[in-house]
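Student:
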Amino acid sequence: MLRTMIEHGYTVSGMSCGHCAQSVTEELTGLPGVTEVDVDVATGRVVVRAETALAEDDVRGAVEEAGFTYEGTASLVS
Ligand SMILES: [Cu+2]
Numbered sequence: 001m002l003r004t005m006i007e008h009g010y011t012v013s014g015m016s017c018g019h020c021a022q023s024v025t026e027e028l029t030g031l032p033g034v035t036e037v038d039v040d041v042a043t044g045r046v047v048v049r050a051e052t053a054l055a056e057d058d059v060r061g062a063v064e065e066a067g068f069t070y071e072g073t074a075s076l077v078s
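Residues in the sequence shown are numbered from 1 upward in steps of one, following UniProt numbering.
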């Protein structure tokens with residue numbers, strides 16, 4: 001079965017440990033269509049894989065709900 005998967009990159013500031021990463025992961029996983037979240041605490045880069053496009057406001061809301069600061073989209077290639 002083929003599913004369309006879209007990768008989205010974001011930058012989040014304020015995370016300092018694995019617990020922070022877990023909080024962000026849980027909130028973002030709650031967004032519709034999200035299947036996987038990878039958080040790099042050291043760089044603040046968050047990669048979200050989803051079956052749909054994501055509204056930036058929804059992502060910002062999830063990050064803020066977790067207690068961190070949404071800085072914007074990030075390139076997936078670096
Ligand atoms: Cu922490």
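Don't be surprised by glycine CBs; every beta carbon is placed ideally from N, CA and C.
Mind reading off the beta-carbon distance from S13 to E71? Whole number of angstroms is fine, and I expect it under 8 Å.
Tutor: As a position in the sequence shown, residue 13 is number 13, starting the count at 1. As a position in the sequence shown, residue 71 is number 71, starting the count at 1. With a Cβ gap of about 5 Å, S13 and E71 count as contacting.
Student: Taking only heavy atoms of ligand 1 into account, decide whether any of them is closer than 7 Å to the Cβ of H8.
Tutor: Within the sequence shown, the letter at position 8 stands for residue 8. Between ligand 1 and H8, a heavy atom-to-CB distance of less than 7 Å is absent.
Student: Let's test the definition: count the other Cβ atoms within 10 Å of the Cβ of A8 and tell me whether it reaches 16, buried, or not, exposed.
Tutor: Residue mapping note: residue 8 aligns to position 8 of the sequence shown, counting from 1. What sits at residue 8 in the sequence shown is His, not Ala. Per the 10 Å Cβ criterion, buried.
Student: Taking any heavy atom of ligand 1 as the mark, which residues have a C-beta closer than 5 Å to it, listed down the chain?
Tutor: Every residue whose Cβ sits closer than 5 Å to any heavy atom of ligand 1 is listed here in chain order: S16, C17, H19 and C20.
Student: The alpha helix (DSSP H) spanning A21 covers which residue range?
Tutor: Counting from 1 along the sequence shown, the entry for residue 21 is found at position 21. From DSSP, the alpha helix (DSSP H) with A21 extends over G18 to T29.
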